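Undergrad: According to full-length UniProt numbering, the sequence shown holds residues 1 to 318 in order.
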Amino acid sequence: MVSWNSVGHFFVYEGYLWDWLAAAAAIVINLVVPAQIDPLNRYYSPKDPTLSYPAADSSVPSSALYVLVFALPAVVFAVAACFKRWAAPSWAFVDWHHAALSIAEGFAFTTGFKRWINLVGCYRPNWLATLAAADQTEIDDARLSYPSGHSAYMFFSMTILSLYLVGKTELLHRPSQLLFLKSICVIAPMALAAFVAVSRIADYKHAPCDVNAGCFIGFVCGVFCYFLNYPSLFDPASALPKRRGSAAAKAAVERAAEEAEYGSVPGAPGGGASGVYGTPLQPRAMETPEQLAIMYGASSGGGAVSRSGGGATASGRY
1 MVSWNSVGHF FVYEGYLWDW LAAAAAIVIN LVVPAQIDPL NRYYSPKDPT
51 LSYPAADSSV PSSALYVLVF ALPAVVFAVA ACFKRWAAPS WAFVDWHHAA
101 LSIAEGFAFT TGFKRWINLV GCYRPNWLAT LAAADQTEID DARLSYPSGH
151 SAYMFFSMTI LSLYLVGKTE LLHRPSQLLF LKSICVIAPM ALAAFVAVSR
201 IADYKHAPCD VNAGCFIGFV CGVFCYFLNY PSLFDPASAL PKRRGSAAAK
251 AAVERAAEEA EYGSVPGAPG GGASGVYGTP LQPRAMETPE QLAIMYGASS
301 GGGAVSRSGG GATASGRY
């Protein structure tokens, strides 16, 4: 059963409601206000070959773009939150919420840069063909070439998704097997973003400089908004969402009590840096030297570590 007091505390006292409202307001302003302003009427030559490309359909239409930008990350976030083992069930919701908030904030920032810079009035490569078709809606849109919206939106969303997957797999701070295979999986969203971006050049919708600018804007906004809600990827708590306000203060108090009882355990849930983000605190048994030798391939005195008193050995090789 949902505790409305806890929900209210989460959104109001930890400040997430205000973040959602600010992001929503920024999105509305950035979508509505620039649309009421005419872009600059730039000079062009009817014989300019860079504006003489033929009109073509988009390989990735706007409907598919928004599915990729919003629906795909939401599904991945939900699956990751459900399958990860959380110490408390509420943390699955907190994680999905933080990831979704990162997307909303990233869209607010990216839309702001994209829509306002569009007013410089750069023409699409198919500008002359669009003029010949005499469709006023298409003509107005063809004056908004710089920067590329498809590129910006895909890169902000897929950057957040890739960083999220890197954090969840703890790729950069904990050695593990199949490291390169995991790297391919977490970078795959960026490859999808790159495909959508170059399709805009192939379809004569944008010049390469338009796409490059859109990719840069999206990437920077995605990185910034992800780290608003998640810790460093090199942090032992990289898989956990940040908490703030009284939740962070409570976690700090619990961490101090935990360390007083068990001692500081860097990297353990609730110990070291992790406790700052409000994770449930738990004691953790440290690995024995033999286990560490097996895990990391270390060896002592010729490739084997002896277990004192037991006569058993643990090989330092896989």
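Each residue gets a CB set at the ideal place from its N, CA and C atoms; glycine is no exception.
All figures in this text were calculated on a predicted structure; none of them were measured in a lab.
#1: For residue 37, name the three-state secondary structure that DSSP assigns.
#2: Measure the C-alpha to C-alpha separation of residue 319 and residue 119 and round it to an integer number of angstroms.
#3: Round the Cβ separation of residue 370 and residue 167 to the nearest angstrom and send it over; I've been treating them as touching at under 8 Å.
#4: Between 125, 18, 212, which has its C-alpha nearest residue 203's C-alpha?
#5: Just to confirm, is the Cβ distance from residue 148 to residue 214 under 8 Å?
#6: Assuming residue 54 and residue 132 form a contact by the criterion Cβ under 8 Å, report the distance between their Cβ atoms to the nearest whole angstrom.
#7: Would residue 122 be called buried (16 or more neighbouring beta carbons within 10 Å of its own) or exposed?
#8: Just list the alpha helix (DSSP H) runs in the stretch 120 to 150, keeping only unbroken ones of 4 residues or longer that don't cross its boundaries, in chain order.
#9: Report buried or exposed for residue 157, applying the criterion of at least 16 other Cβ atoms within 10 angstroms of its Cβ.
#10: According to DSSP, is residue 112 helix, strand or coil?
#11: Note down the Cα distance separating residue 72 from residue 47, rounded to an integer number of angstroms.
#12: So what does DSSP say about residue 168, is it helix, strand or coil?
#13: At the level of alpha carbons, what is the spacing between residue 285 and residue 243?
#14: Assign residue 234 to one of three DSSP states: helix, strand, or coil.
#15: Leaving out five residues before and five after residue 309 in sequence, what residues of the same chain have Cβ atoms less than 6 Å from its Cβ?
#16: By DSSP, does residue 65 sit in helix, in strand, or in coil?
#17: Suppose the cutoff is 8 Å on Cβ atoms and the five residues either side in sequence are ignored; what does the same chain contact list for residue 93 look like?
#18: So, using beta-carbon positions, are residue 191 and residue 154 closer together than 8 Å?
#19: Taking buried to mean at least 16 other C-beta atoms within 10 Å of its own C-beta, is residue 30 buried or exposed?
#20: With a threshold of 16 other CB atoms inside 10 Å of the CB of residue 8, please say whether the residue is buried or exposed.
#21: Cβ atoms of residue 225 and residue 160: under 8 Å apart, would you say?
#22: Return the chain-ordered list of same chain residues with a C-beta closer than 8 Å to the C-beta of residue 16, the five sequence neighbours on each side being excluded.
#23: Quick one: grab the DSSP three-state call for residue 206.
#24: Can you give me the C-alpha to C-alpha distance between residue 110 and residue 35, rounded to a whole angstrom?
#25: Applying the 10 Å Cβ sphere with the 16-neighbour rule, what's the burial state of residue 219?
#26: Tell me which residue opens and which closes the alpha helix (DSSP H) that residue 75 is part of.
#27: Residue 31 lies in the alpha helix (DSSP H); which residues open and close that run?
#28: Distance check for residue 142 and residue 39, CA to CA, integer angstroms please.
#29: What separation, rounded to the nearest whole angstrom, lies between the Cα atoms of residue 211 and residue 150?
#30: Between residue 27 and residue 107, which are expected to be in contact by the criterion C-beta below 8 Å, what is the C-beta distance as a whole number of angstroms?
#31: By a C-beta neighbour count over all protein chains shown, 10 Å radius and 16 as the cutoff for buried, is residue 217 buried or exposed?
#32: According to the Cβ coordinates, are residue 114 and residue 152 closer than 8 Å?
#33: Is residue 44 helix, strand or coil when you go by DSSP?
TA: On the basis of the supplied data:
#1: Coil.
#2: Any property of residue 319 remains undetermined from this structure, which presents the chain solely from 1 to 318.
#3: Because the chain is modelled from 1 through 318, residue 370 falls outside the range shown and cannot be assessed.
#4: Residue 125 is the option with its Cα nearest to residue 203.
#5: In this structure, residue 214 lies closer than 8 Å to residue 148 by Cβ.
#6: Going by Cβ atoms, the distance from residue 54 to residue 132 rounds to 10 Å, so no, they are not a contact pair.
#7: Its Cβ being crowded by 16 or more others within 10 Å, residue 122 is buried.
#8: As far as the stretch 120 to 150 is concerned, its whole alpha helix (DSSP H) runs of at least 4 residues are 127 to 133, 136 to 141.
#9: If you draw a 10 Å sphere on the C-beta of residue 157, you find 16 or more other C-beta atoms in it, and that means buried.
#10: Here residue 112 carries a helix assignment [DSSP, helix/strand/coil].
#11: Residue 72 and residue 47 have their alpha carbons spaced roughly 43 Å apart.
#12: Under the three-state reduction of DSSP, residue 168 is assigned to helix.
#13: Confidence at residue 285 is low in this model, with a pLDDT of 47, below 50, so the placement of that residue is unreliable and no value is reported for it.
#14: In the structure shown, residue 234 sits in coil (DSSP, three-state: anything other than H, G, I, E or B).
#15: In this prediction, residue 309 scores a pLDDT of 44, lower than 50, which makes its location untrustworthy; the coordinate-derived value is nonetheless stated afterwards. Setting aside the 5 residues that flank it on each side, residue 309 has no residue in the same chain whose C-beta is closer than 6 Å to its C-beta.
#16: In the three-state scheme derived from DSSP, where H, G and I count as helix and E and B as strand, residue 65 is classed as helix.
#17: Closer than 8 Å at Cβ, skipping near neighbours: 81.
#18: Cβ distance not < 8 Å, so residue 191 and residue 154 don't count as in contact.
#19: Only buried fits residue 30, as 16 or more other CB atoms lie within 10 angstroms of its CB.
#20: Residue burial annotation: residue 8 is exposed, with fewer than 16 other C-beta atoms found within 10 angstroms of its C-beta.
#21: Contact flag set, yes.
#22: Within the same chain, and ignoring the five residues on either side of residue 16 in sequence, the residues whose Cβ sits closer than 8 Å to its Cβ are 10, 97, 101.
#23: Coil at residue 206, not helix or strand.
#24: Separation of residue 110 and residue 35 (C-alpha to C-alpha, rounded to the nearest whole angstrom) is 16 Å.
#25: Residue 219 counts as buried, since no fewer than 16 other beta carbons sit within 10 angstroms of its beta carbon.
#26: In the DSSP annotation of this structure, the continuous segment of the alpha helix (DSSP H) that includes residue 75 starts and ends at 72 to 83.
#27: Here the alpha helix (DSSP H) through residue 31 covers 16 to 32.
#28: Answer to the nearest angstrom: the Cα atoms are 11 Å apart.
#29: CA-to-CA, the gap between residue 211 and residue 150 works out to about 8 Å.
#30: Yes, they are in contact, since the Cβ atoms of residue 27 and residue 107 sit about 6 Å apart, within 8 Å.
#31: Label assigned to residue 217: buried.
#32: Yes. Within cutoff.
#33: Collapsing the DSSP output to three states places residue 44 in coil.
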